[in-house]
Amino acid sequence: MSTVTTTIKTEHCSFTDYRVYPGRGQKFVARDGKVYFFINSKSASLHKQKIKPAKVKWSLGWRKANKKFQTELSNRKRSKKSAKFQKAIVGLSLDELKTKKAQATKVDPKLGARQSLLLEAKEKAKKSKLHGDKAKGQAIAGKGPGFQKKLNKASH
Numbered sequence: 426m427s428t429v430t431t432t433i434k435t436e437h438c439s440f441t442d443y444r445v446y447p448g449r450g451q452k453f454v455a456r457d458g459k460v461y462f463f464i465n466s467k468s469a470s471l472h473k474q475k476i477k478p479a480k481v482k483w484s485l486g487w488r489k490a491n492k493k494f495q496t497e498l499s500n501r502k503r504s505k506k507s508a509k510f511q512k513a514i515v516g517l518s519l520d521e522l523k524t525k526k527a528q529a530t531k532v533d534p535k536l537g538a539r540q541s542l543l544l545e546a547k548e549k550a551k552k553s554k555l556h557g558d559k560a561k562g563q564a565i566a567g568k569g570p571g572f573q574k575k576l577n578k579a580s581h
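Quick look at the structure:
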């Protein structure tokens, strides 16, 4: 059993550009003989008041003018981004260029030494901080067990 698909002939509203199905909307014939088809009395009224569809936010005219219409965005082709690549310069081959660039990007030895000194200083600071905490604990413990009991009573 085959299914038959039928298409319904629809008109387009002259104001909103919505599809108007059979049995809906109203036709308006102007004095010059031009036929306008409107989906409802609201759009017909706005057309007769000479209000432009691009000024009415809910109409497709406004949506198209302000790039809110989805089908236009999906149909637009996207251009590929161009990829960068290095070309040889007169007098220099591509390999020579690459080696010169690599030499230029290497870290300056003076900067490298400075960074290592900073790291050492940070490590020393960490160690001294750790040793400082231990020293405080040892000082309290060195005063004897009675001192620790006094501290506990004072805190309660």
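Numbering-wise (our numbering), the sequence shown opens with residue 426 and increments by one.
Each residue gets a CB set at the ideal place from its N, CA and C atoms; glycine is no exception.
At the C-beta level, Y461 and F453 come within 9 Å of one another.
The region 478–495 makes contact with the region 431–451: 3 or more CB pairs, one atom from each, lie closer than 8 Å. Membership of K489 in any beta strand (DSSP E) is not indicated; the residue belongs instead to the alpha helix (DSSP H) covering 485–490.
Note on I433: under 16 other CB atoms within 10 angstroms of its CB, so exposed under the neighbour-count rule.
A Cβ-Cβ separation of about 11 Å leaves G448 out of contact with E436 under the 8 Å criterion. Taking a 10 Å sphere around the C-beta of I464, we find 16 or more other C-beta atoms and assign the residue as buried.
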